[in-house]
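Inspection log for the structure reproduced underneath, given as structure tokens.
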Amino acid sequence: MHRNWSGYTSSYIDITQLVKYGDGVNVIAVRVDAEAHEGWWYEGAGIYRHTWLVKRSPVHIITDGIFAQPVKTGDGSWLVPAEVTLGNSGNASANVAVDISLYDKKGNKVAQAETKTSVATLQQATTSIQLAVQNPTLWSLENPALYQVKTTIKQNDTVVDEITTKCGFRTIAFTADSGFYLNGKRVKIKGVCNHQDHAGVGVAVPDALREFRLRKLKEMGVNAYRCAHHAPAAEFLEACDSLGMLVMDENRNFNISPEYIRQLEWMVRRDRNHPSIMLWSVFNEEPMQGTEQGYEMVRKMSAVVKVLDTTRPVTAAMKGGLFAPLNVSKAVDVVGFNYHIQSYDRFHQQNPDMKMTSSKDVSAFQVRGGYSSDRNKHILNAYDKENASWGSTHRAGWKAVAERPFVAGCFVWTGFDYRGESTPFTWPSASSFFGIMDLCGFPKTAYWIHQAQWRNDINVLQLVPHWNWPKD
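With the working numbering applied, the sequence shown closes on residue 549, and no number is skipped along the way.
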């Protein structure tokens, strides 16, 4: 019936024509094959995100069929250009009324519009409506105000489908000389990269645990999250929306064949309503990043994104190729630097009109509670003195970004430890040493280093290590 080639993308399978109706017994069989890996980290296996069996009317809103991203048109004036895509699995063409209402967090209706459209049998149809809004409460890091867009479909005055979609009113902008702006206010991006696994549950992370991880990061002073290196669970993005966490949403596979373009389109279509998302990333550290072929591939992928969403910039996380005559940086809106902090000044001098951000930095090693290194036991001290050859210490990575206004911000590798990549060791170590927090979410020394730099609303004083050394 259907094949899905990526473990990180959702599948929507219409089984209407195949099911037995009435008293017949239906068996839905799903085979999961995790033999072929997509990443070089611990990926898990099986069905570990929410799965739904959905019953719909013949005329219905298709999955991810609502796009309602507010756009500022003037001082206090906004438009919500709502786009609704309908499907019709019935036997005849259908004439329907489409009603869209906007509600604030208190449940007050602030705008409403209606239109009529028709959907041919076994076809889809897209209709657009604009809602005008004056002086909405803006979505911000401190006050992540969310609105609800309620879309109702009526056929012959009967409601046949209805869905509520959250949205947020906010503006984002990157500049080449002074970085990132949220709602017209300059914000230094203080971000982390993360894989999705957690201690005790692997990649089958409950929604409450996702929220716990985000709250621990916010407590440290993090304001942005890079989804490394694939699209996250939808519920994770909902938590980012409600908690006030900016997101770099990342495509898994760097490829322009039809299947992989479909995966990229799926990510943008599913996630484009989330106000937390500020960047679309099309790849991470691809070998062709400094070639004409890489440039052409990203140019096409960027165009695919722009068809679905023109409100956010496209980036690519580059680790090399930045100074090649024709490279990927020429095909994106914001250039992502993976490490290469020593190249910030040179690149900016040669390309003063190009927007820049760190997309991955640091890669420093620490063991929680370890203040004396013992490599035979795979213990590395937590004084922020050891790092991978390609990276830097936490202090040096942030210093390079903080001193350069033209670098929008940073994304530290990583916020949490994760299974896999036990650099600089191998087996029996099975977890990374990069995390600012360990697998369980307990802070290492780096946590307070960043908190002291990133939180301006509190005073930070953390004594390390403990004082209980033996007399000898």
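For glycine and all other residues, C-beta sits at the position ideal for the given N, C-alpha and C.
It should be emphasised that the depicted structure is a prediction, and the values quoted were computed from it without experimental measurement.
Buried or exposed: where does residue i fall if 16 or more other Cβ atoms within 10 Å of its Cβ makes it buried?
| i | result |
| --- | --- |
| Cys517 | exposed |
| Ile105 | exposed |
| Val439 | buried |
| Ser353 | buried |
| Met78 | exposed |
| Asn165 | buried |
| Phe246 | buried |
| Phe414 | buried |
| Asn464 | buried |
| Asn330 | buried |
| Asp284 | exposed |
| Arg290 | buried |
| Phe400 | exposed |
Are the beta-carbon atoms belonging to residue i and residue j less than 8 Å from one another?
| i | j | result |
| --- | --- | --- |
| Val324 | Met355 | yes |
| Tyr495 | Ala308 | no |
| Trp155 | Pro213 | yes |
| Pro390 | Val411 | yes |
| Ile333 | Met395 | no |
| Thr491 | Phe519 | no |
| Val541 | Ala473 | no |
| Val109 | Asn103 | no |
| His351 | Asp386 | no |
| Leu163 | Ile138 | yes |
| Val161 | Thr241 | no |
| Leu208 | Ala188 | yes |
| Val409 | Gln366 | no |
| Val280 | Tyr98 | no |
Per DSSP, what are the beta-bridge partners of residue i in this structure?
| i | result |
| --- | --- |
| Pro429 | Looking at the DSSP assignment, Pro429 forms no beta bridge with any residue, so it has no partner. |
| Glu160 | Phe144, Ser205 |
| Ser499 | DSSP output for Ser499 lists no bridge partner at all. |
| Gly151 | Ser154 |
| Cys317 | Cys317 pairs with nothing; no bridge assigned. |
| Glu191 | Asp176 |
| Trp216 | Pro221 |
| Cys304 | Asn271 |
| His114 | None; His114 has no bridge partner. |
Determine the closest residue to residue i out of the options, with distance taken between C-alpha atoms.
| i | options | result |
| --- | --- | --- |
| Leu259 | Met322, Thr229, Ala523, Phe414 | Met322 |
| Arg303 | Phe519, Pro505, Val489 | Val489 |
| Asn233 | Ile266, Ala174, Lys183, Ala209 | Ala174 |
| Lys521 | Leu294, Leu314, Arg108, Ile138 | Leu294 |
| Pro429 | Val484, Thr470, Val157, Lys476 | Val484 |
| Arg347 | Ala111, Phe313, Gly116 | Phe313 |
| Gly39 | Ser87, Phe442, Asn361, Ile456 | Residue numbering for the chain in the displayed model covers 78 to 549; residue 39 lies beyond these limits and cannot be assessed. |
| Gly116 | Arg263, Gln273, Val107 | Gln273 |
| Asp152 | Gln225, Thr248, Gln370 | Thr248 |
| Ala341 | Ala316, Thr192, Met374 | First, the amino acid is wrong: residue 341 is Leu here, not Ala. Of the listed residues, the one whose Cα sits closest to Leu341 is Met374. |
Residue i CB to nearest chain D CB: under 8 Å?
| i | result |
| --- | --- |
| Cys487 | Among the protein chains of the structure shown there is no chain D, as only one such chain exists. |
Q.
Runs of 4 residues minimum, wholly inside the region 346-426: which ones carry the alpha helix (DSSP H) assignment?
A. 369-385
Q | Length-filtered (4 minimum) alpha helix (DSSP H) runs lying within the region 236-266 | A | none
Q. Which runs of the alpha helix (DSSP H) spanning at least 4 residues fall entirely within the region 487-540, listed in chain order?
A. 522-531
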